[in-house]
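**Q**
Residue numbers (full-length UniProt numbering), protein chains in the order written: chain A, 1 to 467; chain B, 1 to 467.
#1: Kindly indicate which three-state DSSP category residue 163(A) falls into: helix, strand or coil?
#2: Check whether chain B comes within 8 Å of residue 49(A), counting only Cβ atoms and requiring the distance to be less than that.
#3: What does a CB cutoff of less than 8 Å around residue 425(A) pick up in its chain, not counting 5 residues either side in sequence?
#4: Taking the continuous beta strand (DSSP E) assigned at residue 458(B), which residues delimit it?
#5: In whole angstroms, what is the alpha-carbon distance linking residue 463(A) and residue 438(A)?
#6: Please classify residue 450(A) as buried or exposed, where buried requires at least 16 neighbouring CB atoms within 10 angstroms.
#7: Output yes or no for whether 8 Å exceeds the beta carbon distance between residue 204(B) and residue 218(B).
#8: Please state if the CB of residue 64(A) and the CB of residue 429(A) are separated by a distance shorter than 8 Å.
#9: For the alpha helix (DSSP H) that contains residue 426(B), what are its first and last residues?
#10: So, helix, strand or coil for residue 269(B), using DSSP?
#11: Quick one: which residues of the stretch 338 to 366 of chain B get their C-beta closer than 8 Å to a C-beta of chain A? List them in chain order.
#12: In the DSSP assignment, what are the bridge partners of residue 221(A)?
#13: Restricting to runs no shorter than 3 residues, where is the beta strand (DSSP E) found entirely within the stretch 368 to 412 of chain B?
#14: Output yes or no for whether 8 Å exceeds the beta carbon distance between residue 223(B) and residue 256(B).
#15: For a test of the three-state rule: what should DSSP assign to residue 445(A), helix, strand or coil?
#16: State yes or no: is the C-beta of residue 431(A) within less than 8 Å of the C-beta of residue 419(A)?
#17: Counting only Cβ pairs nearer than 8 Å, list the residues of chain B close to residue 272(A).
#18: Taking contact to mean 3 or more Cβ pairs, one atom from each stretch, closer than 8 Å, check whether the stretch 327 to 341 of chain A and the stretch 101 to 110 of chain A are in contact.
#19: Here's the rule: buried if 16 or more other CB atoms are within 10 angstroms of the residue's CB, otherwise exposed. What is residue 301(B)?
#20: Taking all protein chains shown into account, do 16 or more other C-beta atoms lie within 10 angstroms of the C-beta of residue 153(A), making it buried, or fewer, making it exposed?
#21: Which residues, taken in chain order from the stretch 183 to 209 of chain B, show a beta carbon closer than 7 Å to some beta carbon of chain A?
#22: Thinking C-beta only, is residue 315(A) closer than 8 Å to residue 359(A)?
#23: In the DSSP assignment, find the beta strand (DSSP E) that holds residue 78(B) and state where it starts and stops.
#24: Rounded to a whole number of angstroms, what is the C-alpha to C-alpha distance between residue 411(A) and residue 139(B)?
#25: Do the stretch 89 to 103 of chain A and the stretch 360 to 370 of chain A make contact, defined as three or more Cβ pairs closer than 8 Å?
#26: Check each residue of the stretch 123 to 147 of chain B: if its Cβ is closer than 8 Å to any Cβ of chain A, include it; give the result in chain order.
#27: When the cut-off is 8 Å and only beta carbons count, does residue 291(A) lie next to chain B?
#28: If you follow the alpha helix (DSSP H) that residue 197(B) is in, where does it begin and where does it stop?
#29: Considering only DSSP beta bridges, list what residue 241(A) is partnered with.
#30: Looking at the secondary structure, which residues open and close the alpha helix (DSSP H) in which residue 347(B) lies?
#31: With DSSP collapsed to three states, give me the class of residue 212(A).
#32: Compare the beta carbon distance of residue 83(B) and residue 111(A) with 8 Å and say whether it is the shorter of the two.
#33: Nearest chain B C-beta to residue 78(A) closer than 8 Å, yes or no?
#34: Might you give, ordered along the chain, the residues of its own chain that have their beta carbon closer than 7 Å to the beta carbon of residue 77(A), omitting 5 neighbours on each side?
#35: What did DSSP end up calling residue 435(A) once you bin it into helix, strand or coil?
#36: Roughly how many angstroms lie between the CA atoms of residue 323(A) and residue 278(A), to the nearest whole one?
Structure below.
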């Protein structure tokens, strides 16, 4: 999720094409003489990634438009990036912490990889009161996206280990249960945030994409207006891991308590692990939509929750998040998942920046919490303005009630075409729904992150376009 | 690398033991009834990790000692953690940046995942002047340890991909070259920083450890006084990846120009990729010891460099580092490694904290650079004090001339015994050399990070002990 800097590599990758399948596999292209290459084979999983990562592609679209219309007043409602300043009390806390690093008393070096105890305790108090979560179950991270990959690494391993085990021990002939030898399977909401699938592709769990936009080893749980954005679990195959985001990015749908109860029951019946992404939980307005999976009884045995200060406190650049792994979540052999996650965090990560953690602690003070919630209210008012404008011209609008995203239906249209058409005619950047999965086709995601005057202007332009 | 917070999990893991090998594999232990477990198999690679990660184990030793001798004045020369305040000019820059986040002009959200352009340019100017490194080849990270894992993920994949390719396409029967199907192999200096091996074990590349302290798939490059801490390359097997740290942690040896020329030639001849860890490069005093692998001609085609602000500027808690991937580094098929690394950074990481990056930029200003180098001088004077004290009592001392570590030889001794004996008699924490690999046996690593009065006191106690 970034800006101009990421554009170049995307274009270079696209320009680097092999003449045919044989060349692609054995490198008989003419880019460089053989003597200049290493003998290290490329990770073939990387080749399976569809084009560039979605958000750099959107940035490229934006840049091209700016070149074409240098004088247009472009409004970006594309990448969901916060725009409003961090509340003063929180910025000051970070500033004070940073400044104190120059004093003997205020200096600190390595902190615990799991995060500072005071912050872990404050997270429990702010988000998991009465939910039986302990501070030792909270792992502070540098953002939810980074923990998605660490969880993939955690999950990933058993497949390789199994494959090796099967090879070395002839386990199959000894009648080892198939589960042990099968590939780790993953389910995602369709549409969903692209990092779940892309990190899964890189890790090698996604299988092949046969041009359909779907990877063979991923279970796509269709979520649309026809099923109130909740998958038909009766027709959903069992997977080891279920990624579930609520409020959902991109649809903006917050799952109801009844929906999440069904999900937890499904996971318990199947022995699956839910990775619940609650990065937008602070935007939930509806009391019947839980802000945490741990509000659902029975979830502690089947769920991990990843969350973030990014959209809650405008920390997209400051980088701070957390993950909750309950003690009761166990692998098939009875071993607690939390111990392996702790080991991965200790070995592969060295903790979030101490300055960011000081900021996180300030967010959770009573004054900071109030200030941060005003920010959330501001973006929700934006969502309301955009949602009403689009509804008023007869478009079918979803999301916006419990999330900073508006999910607009354009029946029968190609979502990239709609996105480009809107850009051409109104100078507004949006994100085509198909970028979030095959079932995102015909939809557009419009972000409510923006300065109020930009949101009002965008609402006016869109109304004019569609009236 | 942390403190009390990490102790608990290590102890829990040790307490969780299976009755026998069968139980270990199939989970027939009695920890929890089957109905409470998921059906997800544990990552078997995690079981291959030897005990806890080294540094949490050292912390546990420290904690036990404090409980036993609550009134002793413990001096920690164990974990290599910086102790001196960040220079005022740098802390102020971070504070100003953090405070400006509360203003409309100073606020910023997502930055480029690769790091801010100004910082990337400053890194080139400060560390790679005249070395042909471009700012687009520099990726800012949240620390070298985190990038070690991202590089493992980058490297790892091809093996799995190959395994799947071999299975699905019957490539073997079609005469595909063996390299494509072979496991990715890794070489490390022995002794070396444990994260290289531990992350490799988690990723599943290390093979089995048969009780010898050596993993079957890792090439251990013995580095000791007998070979001037440089491996005998004539007897070193070809590997895909060579981790090489200079100045080395733990031995403190900085490789000479001639040694690095041999290393680069070896990598070029074998088509290997060197991952050069220069986290301690600012401690190099000797002009004949390069501070970057890119000082060596021909390295751009075979090397990646990882580095850090941690030990250079006391940023162990602030979290900032960088990795250089040259455009000319190519896979066997001619594809540039930099594009895949860029994609992994974009998908699995969202950039270092913007406040930390502001601090990094201040470190590289002319005034900041001077201040930071005074810090380095301070720790080097510590190293000198400790090295002289230990030499004066007849011990054989290595390192300390170009690194903040002293590597002391205790011929014929078990290094854990020496470490515990010193702790018991002097209340000084050190790290047993065997924690860094089998060839670290008989050695002790003593860190020079500490307040001067502690270092002087430690030197006096050690002299008394060994006189």
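Ideal Cβ positions, reconstructed from N, Cα and C, are used throughout, including at glycine.
**A** In brief:
#1: Low local confidence applies: a pLDDT of 41 at residue 163(A) is under 50, so the model's placement there is unreliable, with the coordinate-based value given in what follows. Helix.
#2: Chain B, which has a Cβ nearer than 8 Å to the Cβ of residue 49(A), makes this yes.
#3: So the qualifying residues of the chain are 465.
#4: Unbroken run through residue 458(B) is the alpha helix (DSSP H), 452 to 466; no beta strand (DSSP E).
#5: Taking the straight line from one Cα to the other gives about 28 Å.
#6: Residue 450(A) counts as buried, since at least 16 other C-beta atoms from the protein chains shown sit within 10 angstroms of its C-beta.
#7: Contact flag unset, no.
#8: Contact: no.
#9: Judged by DSSP secondary structure, residue 426(B) falls within the alpha helix (DSSP H) whose first and last residues are 415 to 426.
#10: In this structure, residue 269(B) counts as helix in the three-state DSSP scheme.
#11: For the stretch 338 to 366 of chain B, the set of residues with a beta-carbon nearer than 8 Å to any beta-carbon of chain A comprises 338, 339, 340, 342, 343, 344, 346, 347, 348, 349, 350, 351, 352, 353, 354, 355, 356, 359, in chain order.
#12: For residue 221(A), DSSP records a beta bridge to 189(A).
#13: As far as the stretch 368 to 412 of chain B is concerned, its whole beta strand (DSSP E) runs of at least 3 residues are 396 to 399, 405 to 409.
#14: For the pair residue 223(B) and residue 256(B), the CB atoms are not nearer than the 8 Å cut-off.
#15: Looking at residue 445(A) - three-state DSSP - the assignment turns out to be strand.
#16: A contact, by the Cβ cut-off of 8 Å.
#17: Taking a Cβ-Cβ threshold of 8 Å, the residues of chain B close to residue 272(A) are 38, 39, 40, in chain order.
#18: Taking a cut-off of 8 Å for Cβ pairs, the stretch 327 to 341 of chain A and the stretch 101 to 110 of chain A do not touch, as fewer than three such pairs fall below it.
#19: Under this definition residue 301(B) is a buried residue.
#20: Here residue 153(A) is buried, its C-beta having at least 16 other C-beta atoms within 10 Å.
#21: Listed by position along the chain: 195, 198, 199, 202, 204.
#22: Taking 8 Å as the cut-off, the beta carbon of residue 359(A) is found closer than this to the beta carbon of residue 315(A).
#23: For residue 78(B), there is no enclosing beta strand (DSSP E), as DSSP marks it with neither H nor E.
#24: Roughly 42 Å between the two C-alpha positions.
#25: Yes, the stretch 89 to 103 of chain A is in contact with the stretch 360 to 370 of chain A.
#26: Within the stretch 123 to 147 of chain B, the qualifying residues are 136, 142, 143, 145, 146.
#27: Look at residue 291(A): its C-beta is not under 8 Å from any C-beta on chain B.
#28: Element bounds for residue 197(B): 194 to 203.
#29: Answer is 186(A), 273(A).
#30: Where residue 347(B) is concerned, the enclosing alpha helix (DSSP H) stretches over 337 to 348.
#31: Correct three-state label for residue 212(A): coil.
#32: The Cβ atoms of residue 83(B) and residue 111(A) lie no closer than 8 Å to each other.
#33: Under the 8 Å criterion on CB atoms, residue 78(A) is classed as non-interfacial with respect to chain B.
#34: Result list for residue 77(A): 428, 429, 430, 446, 447, 450, 458, in chain order.
#35: Residue 435(A) falls in the helix class under three-state DSSP.
#36: For residue 323(A) and residue 278(A), the gap between their C-alpha atoms comes out near 10 Å.
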